[in-house]
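Trainee: Read the sequence shown against my numbering and you will find it ends at 645, with the numbers running on by one and no gaps.
A virtual CB, placed ideally from N, CA and C, is assigned to each residue, including glycine.
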Amino acid sequence: MCRLFHLCFDRKALSRRLSLVSCLVAFPVSGATLLLQDGVNGYAGTEDTTLNSGLPVFNYGGRPYVELTNGGSGVPTRILMRFDVSTLTGVYSTIDSITLRLYPTTVPGSAVNVQLYQPVEANGDWVEGTSSGFPVEPGTSSWNKKFQQTSTTGTDWTGGAGLGTTGYGALLAQTEISNTTTAWQPFDLTISDSFLATSLVNDWLTANNEGFLLRLSEEGNAGYYQTSFFDAETSSLNTGGPPDPEALRPTLIVNYTAAPEPGRFVLLMLGAMSLITLRRRGKAAFVCAHGVTDE
Ligand SMILES: [Ca+2]
Ligand SMILES: [Ca+2]
Numbered sequence: 351m352c353r354l355f356h357l358c359f360d361r362k363a364l365s366r367r368l369s370l371v372s373c374l375v376a377f378p379v380s381g382a383t384l385l386l387q388d389g390v391n392g393y394a395g396t397e398d399t400t401l402n403s404g405l406p407v408f409n410y411g412g413r414p415y416v417e418l419t420n421g422g423s424g425v426p427t428r429i430l431m432r433f434d435v436s437t438l439t440g441v442y443s444t445i446d447s448i449t450l451r452l453y454p455t456t457v458p459g460s461a462v463n464v465q466l467y468q469p470v471e472a473n474g475d476w477v478e479g480t481s482s483g484f485p486v487e488p489g490t491s492s493w494n495k496k497f498q499q500t501s502t503t504g505t506d507w508t509g510g511a512g513l514g515t516t517g518y519g520a521l522l523a524q525t526e527i528s529n530t531t532t533a534w535q536p537f538d539l540t541i542s543d544s545f546l547a548t549s550l551v552n553d554w555l556t557a558n559n560e561g562f563l564l565r566l567s568e569e570g571n572a573g574y575y576q577t578s579f580f581d582a583e584t585s586s587l588n589t590g591g592p593p594d595p596e597a598l599r600p601t602l603i604v605n606y607t608a609a610p611e612p613g614r615f616v617l618l619m620l621g622a623m624s625l626i627t628l629r630r631r632g633k634a635a636f637v638c639a640h641g642v643t644d645e
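What follows is the structure in structure tokens.
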């Protein structure tokens, strides 16, 4: 966005105002939004799968929906999901908020919270796989193993099966879902704390991209809760019902403040200083600088 500026100063207050100019120039002011959804603008970087404690060596990376349940008898399912946010590298100073937008295919009979967490770094290299609910796709993630190799061997999750209770960090966001939630409509989980959101993207861009872990708040509850969401594999080929199922794939909406571009601001300051120098030579009572930025 271009901004026209024109600044005039009383020469006697010049040194004080120059400090103000420096602050204004150095302060990033552009707000921007990145939207990531498979099939939109050439993006195809979403990975998602279900971990099923009832079928603990199965992989679900290729199934066209992901599922959360408490199982009613202590056999919960959880979801892992990550987005390729590499286009954010070097372009933000802070992440202002992150919204994970999902579209339910089914909703639970009673109210329960869908909770959002970040897996720990050691679990961040989980592998989506391509199975649609079949046992042992070697090297992919299941409930029992981060990398399931055979029905009994593989690499354990840090924190225990299904990431346990310590294989992921503190709660980032939660949203209630119930039988009053409308299927096929946006269901949002929003991280509005800028510090948390910035830390999350920083972590995603460093070493493993951990993505998200989703689980229900009542996994240990004797009642039954089940909800499913369209995922990255959702398409008109495998989903009946919605007229445009590709539009219901998981979406990440990142609001961020753009980083200043140092070279541009150096030129701006040099221009301003040149004008000020010229005006000083002319012994004018006021000194002025003007120009255009394209922040
Ligand atoms: Ca998938
Ligand atoms: Ca990381």
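1) What's the gap between the Cα of Thr505 and the Cα of Ser380?
2) Quick check on Asn605: buried or exposed, where buried means 16 or more other Cβ atoms within 10 Å of its Cβ?
3) Cβ atoms of Val464 and Gln535: under 8 Å apart, would you say?
4) Under the DSSP definition of a beta bridge, which residues are partnered with Asp538?
5) Return yes when at least one heavy atom of ligand 2 lies under 7 Å from the C-beta of Thr455, else no.
6) As a quick exercise: from Phe484, Ala511, Gln498 and Leu563, pick the residue whose alpha carbon is nearest that of Leu522.
7) What do you reckon, is the C-beta of Asp388 under 7 Å from a heavy atom of ligand 1?
8) Assuming Thr505 is part of the alpha helix (DSSP H), what are its boundary residues?
9) Any heavy atom of ligand 1 closer than 7 Å to the beta-carbon of Thr490?
10) By the DSSP assignment, the alpha helix (DSSP H) with Val604 in it spans what residues?
11) Might you give, ordered along the chain, the residues of its own chain that have their beta carbon closer than 7 Å to the beta carbon of Val425, omitting 5 neighbours on each side?
12) Less than 8 Å between C-beta atoms, sequence neighbours within five positions excluded: which residues of the same chain meet that for Ser544?
13) DSSP state of Phe433, grouped into three classes?
14) In angstroms, rounded to a whole number, what distance separates the CA positions of Tyr453 and Glu596?
15) So, Gln576 versus Thr419, is the Cβ gap smaller than 8 Å?
16) Quick check on Glu526: buried or exposed, where buried means 16 or more other Cβ atoms within 10 Å of its Cβ?
17) Buried or exposed: where does Ser492 fall if 16 or more other Cβ atoms within 10 Å of its Cβ makes it buried?
18) Under the criterion of a Cβ to heavy atom distance below 7 Å, does Thr556 qualify as lining ligand 2?
19) According to the Cβ coordinates, are Asp538 and Thr449 closer than 8 Å?
20) Does ligand 2 have a heavy atom nearer than 7 Å to the CB of Asn559?
Mentor: Let me lay it out:
1) C-alpha of Thr505 to C-alpha of Ser380: approximately 44 Å in a straight line.
2) When all chains shown are included, Asn605 counts as buried.
3) Cβ atoms of Gln535 and Val464: not closer than 8 Å.
4) DSSP, once it has assigned bridges, lists Arg451 as partnering Asp538.
5) At a threshold of 7 Å, Thr455 does not count as near ligand 2, since its beta carbon sits no closer than that to any of the ligand's heavy atoms.
6) Ranking the options by Cα distance to Leu522, first place goes to Leu563.
7) Because no heavy atom of ligand 1 lies under 7 Å away, the Cβ of Asp388 does not count as near it: no.
8) Here Thr505 belongs to no alpha helix (DSSP H); instead the beta strand (DSSP E) covers Gly504 to Asp506.
9) No; taking the cut-off as 7 Å, the Cβ of Thr490 has no heavy atom of ligand 1 nearer than that.
10) In the DSSP assignment, Val604 falls outside any alpha helix (DSSP H) and lies within the beta strand (DSSP E) extending over Thr601 to Ala608.
11) Closer than 7 Å at Cβ, skipping near neighbours: Ser403 and Gly404.
12) These residues qualify, in order along the chain: Thr444, Ile445, Asp446 and Ser447.
13) Coil, per DSSP.
14) In a straight line, the C-alpha of Tyr453 is about 11 Å away from that of Glu596.
15) Yes.
16) Exposed: under 16 other Cβ atoms inside 10 Å.
17) By the 10 Å Cβ count, Ser492 comes out buried.
18) Flag set: Cβ of Thr556 near ligand 2.
19) Closer than 8 Å, so yes.
20) Yes, since a heavy atom of ligand 2 falls inside the 7 Å radius drawn around the Cβ of Asn559.
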